[in-house]
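Undergrad: Here it is, the structure in full.
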Amino acid sequence: MSVVIQATALSRHFGGLAAVDAVSLDLRLGEVHAVIGTNGAGKSTLVNLLSGELPVTSGRIRFGDDDITGWSQPRRARAGIGRSYQRTTIFDSFSVLENCRLSAQAALQRPWQVWQSAQRCAGSREVAAQALQAAGLADSADRIAGTLSHGQKRQLEIAMCLATKPRVLLLDEPLAGMGAEETERMLALLQSLKAGHAILLVEHDMDAVFRIADRITVMVNGAVIASDVPQRIREHPQVVLAYLGEAHA
């Protein structure tokens, strides 16, 4: 599988604290690469470094043939790096379709067009409709986003990412707060998206992680202690001691 993103020795310091400490990983097309660890392990900071929302203190990031270490978040998004957040970032008073259309417009090479009327942005409706179809929300396009269930709002966030036509999806706890049925729906969605994307998944639901991930990276105190296929991670003594516990051994 082709490597889409290659991160090498990424570090991010806040004062004297290394929130991310010399982390190296790659994201490959057709894979879900999960990053796990306790709260404060540096997972979300790592996502912010990859997406461009935080600058790195040291290290390099390559996206395909490009060194994107110094690129801004909007430039990375336009190049094909999409992300979701721990908290939903939708506009509750807009329709589901309008939320997606705004994301489609934001991916334009002319960022000042984002707040133009969606009617004036050629192709945005079609792109948004395709994204909603892929995310399983085509039947909810005309609903007000604030009326969606929590799980549907998470699906909408995925659709909004897809509307930017990304090659990479950086997903920060997309299963948080979901019940069993919503979790199954989201896992099926992620499985369907693997073929055309490289997916980084930050998640606390270990059962879900071990079901969906092709590879797992484990972080403790900002550093990687293991990175391997799920079965080897499950059996890794350092991981068991630091994070998973005897129940997963």
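Reminder that position 159 of the sequence shown reads as 163 in this note's numbering, one-by-one numbering, no gaps. Cβ atoms here follow ideal geometry from the backbone N, Cα and C, with glycine treated the same way. None of the values given here were measured: they were computed from a predicted structure.
1) Using the Cα positions of I220 and L173, report the straight-line distance between them to the nearest angstrom.
2) Assess contact between the region 140-150 and the region 91-108, defined as three or more Cβ pairs (one per stretch) separated by less than 8 Å. Is contact present?
3) Below 7 Å between beta carbons: does that hold for L136 and A163?
4) Could you please give me the residues that DSSP links to S196 through a beta bridge?
5) Report the partner residues of L21 according to the DSSP bridge assignment.
6) Suppose you measure from the CA of I203 to the CA of G34; what does that come to, to the nearest Å?
7) Classify E102 as buried or exposed, calling it buried when 16 or more other Cβ atoms lie within 10 Å of its own Cβ.
8) Using the Cβ count rule (16 or more neighbours within 10 Å means buried), how would you classify S39?
9) According to the Cβ coordinates, are S128 and S62 closer than 7 Å?
10) Mind checking who Q2 pairs with in its DSSP beta bridge?
11) Mapping DSSP to helix, strand and coil, what is Q113?
TA: If we stick to the structure as given:
1) About 16 Å.
2) Contact annotation: the region 140-150 touches the region 91-108, with at least three C-beta pairs closer than 8 Å.
3) In this structure, A163 lies closer than 7 Å to L136 by Cβ.
4) Answer is none; S196 lacks a bridge partner.
5) Among the bridge pairs identified by DSSP, L21 is matched with F18.
6) Rounded to whole angstroms, I203 and G34 show a C-alpha spacing of 8 Å.
7) Buried is the call here.
8) Checking the displayed sequence, the identity of residue 39 turns out to be Val instead of Ser. Here V39 is buried, its C-beta having at least 16 other C-beta atoms within 10 Å.
9) Contact annotation: S128 and S62 have beta-carbon atoms that are not nearer than 7 Å.
10) In this structure the chain extends from 5 to 253, so residue 2 is not present and cannot be described.
11) For Q113, the pLDDT reaches just 49, beneath the cut-off of 50, and the residue's location in the model is therefore unreliable, leaving the point undetermined.
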